[in-house]
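Structure record follows, encoded as structure tokens.
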Amino acid sequence: MKVHRLRRHCIATRGTWFPKNVQFLMLDDVVVSYYNSSADRETKIPDWLSHPEGLKFWKEISENLKFNRHVMNTAVNLINERLNGSHDHTYQAQGWCQLNPDNTTLASMGHAYDGKDFVSFDVKSQMWTAAVPEAVFYKLKRERDLEDLHRLTTHYESGCISWLKKLLQFSLKVLEKKAPQVKIVEGPTQDAFEMELTCHVTGFYPKEVQVEWLGPDNRPLVQGVSGDAVLPNGDGTYQLRRRVRVPEGAQNSEGYRCLVLHSSVRGNITVNWVPKRNLSIVFVTVGVVSLILAATAAVWCLLSR
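So for the sequence shown, the UniProt record's numbering puts the first residue at 1; every next one is plus one.
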């Protein structure tokens, strides 16, 4: 069993170009719900929740997140007015709960104002902590609201974990491990004496993956190797590209390999690079041999007359 985490991230703005309210709920690295005030609607219910029990649970989540958007909008307006600031401000809140393999749990929540720590809430002590003097008034305001304290404590002590366990149950297929597909693509570089090989690894889940280029000596290459961050495919799987520059003297070598390590596969996946130039040489050789045979046959025919 692995560690699982349910995260809620909220952003409320005032006077910025950013949407007035953005909110998403994530199970590990899978988006469960996303809201953007510019579109004024939530994402559609995920397919893996499209059943009677899942629909009921989705309604519970939606009502809770809707209330939380109200809390965020109130906070950014209240703090802006209290601090007599300009109209361009951003308020962020992030809360999470975690279920460990030994069935113990953790929970945390913190707020930020204009990208800097503002307040945090300790679930066990049921106390708010101000990160800066300007946040003391907000800490006291939230602590005086006993109903609010009870709501927060109940959610992070039990409600969030209950959500997490339900979502894990409903999303078994979504969280299944998926093996990566691996292919190597050749490409030019700005240097006429080099070529670039790209190892494209896609369709894998979970996100963690290790991709290495091995050279002719079977050792991992470092020099000339570059790559992008792991990116989502939009279907719950991920992709990654790792590139290596191959000097002119090695462009006919078949010693380059892309090695992929992923939890969905025992051992590893290794794809060997077969240079296209080698194929061209084969085709040219076959063509030359054909011409020689044809010429030999013509001479033999002339001599036999």
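We treat Cβ as the ideally placed atom computed from N, Cα and C, and that holds for glycine.
Problem set entry | Rounded separation between Lys2 and Asn100 - CA only | 7 angstroms
For this session: State the DSSP-derived secondary structure class of Asn233, mapped to helix, strand or coil.
Result: Reduced to three states, the DSSP call for Asn233 is coil.
Problem set entry | Helix, strand or coil at Tyr35 according to DSSP, with G and I counted as helix | In the three-state reduction of the DSSP assignment, Tyr35 falls in the strand class, which pools E and B.
Exercise. Per DSSP, Asp88 is paired with what?
Worked result: According to DSSP, Asp88 bridges with nothing at all.
For this session: Leaving out five residues on either side along the sequence, give the residues of the same chain with a beta carbon under 6 angstroms from the beta carbon of Ser226.
Result: Arg243
Exercise. Among Leu259, Ser264, His262, Phe204, which has the Cα closest to the Cα of Gln239?
Worked result: It is Phe204 whose Cα lies nearest to the Cα of Gln239.
Exercise. Grouping DSSP H, G and I as helix and E and B as strand, with all else coil, what is Arg219?
Worked result: Arg219 falls in the coil class under three-state DSSP.
For this session: Please report how far the alpha carbon of Ala229 lies from the alpha carbon of Gln210, in whole angstroms.
Result: 11 angstroms
Problem set entry | C-alpha distance - Glu176 paired with Asp117, whole-angstrom precision | Glu176 and Asp117: Cα-Cα distance of roughly 36 angstroms.
Exercise. For Met109, which beta-bridge partners are listed by DSSP?
Worked result: Per DSSP, Gly95, Phe121.
For this session: Tell me, to the nearest whole angstrom, how far the beta carbon of Gly187 is from that of Thr198; I am working on the premise that it is less than 8 angstroms.
Result: 6 angstroms
Exercise. Under 8 angstroms between C-beta atoms, does Phe204 make it to chain B?
Worked result: Absence of chain B from the displayed structure is noted, only one protein chain being present.
For this session: Could you check what DSSP says for Ser226 in three-state terms: helix, strand or coil?
Result: strand
For this session: Kindly list the residues whose CB is nearer than 8 angstroms to the CB of Leu149, restricted to its own chain and excluding five residues on each side of it in sequence; keep chain order.
Result: Gln126, Arg142, Glu143
Exercise. What separation, rounded to the nearest whole angstrom, lies between the Cα atoms of Arg69 and Gly15?
Worked result: 17 angstroms
Exercise. Taking Cβ to Cβ, would you say Met109 is nearer than 8 angstroms to Tyr156?
Worked result: Going by C-beta atoms, Met109 is nearer than 8 angstroms to Tyr156.
Exercise. If you follow the alpha helix (DSSP H) that Glu143 is part of, which residue opens it and which one closes it?
Worked result: 136-144
For this session: Starting from Glu63, follow the beta strand (DSSP E) in both directions and report where the run begins and ends.
Result: Where Glu63 is concerned, there is no enclosing beta strand (DSSP E), although the alpha helix (DSSP H) it sits in stretches over 52-83.
Exercise. From Asn218 to Ala112, what does the alpha carbon distance come to, in whole angstroms?
Worked result: Approximately 49 angstroms between the Cα atoms of the pair.
Exercise. With Leu27 and Ser171 assumed to form a contact (beta carbons below 8 angstroms), what rounded beta-carbon distance in angstroms separates them?
Worked result: 6 angstroms
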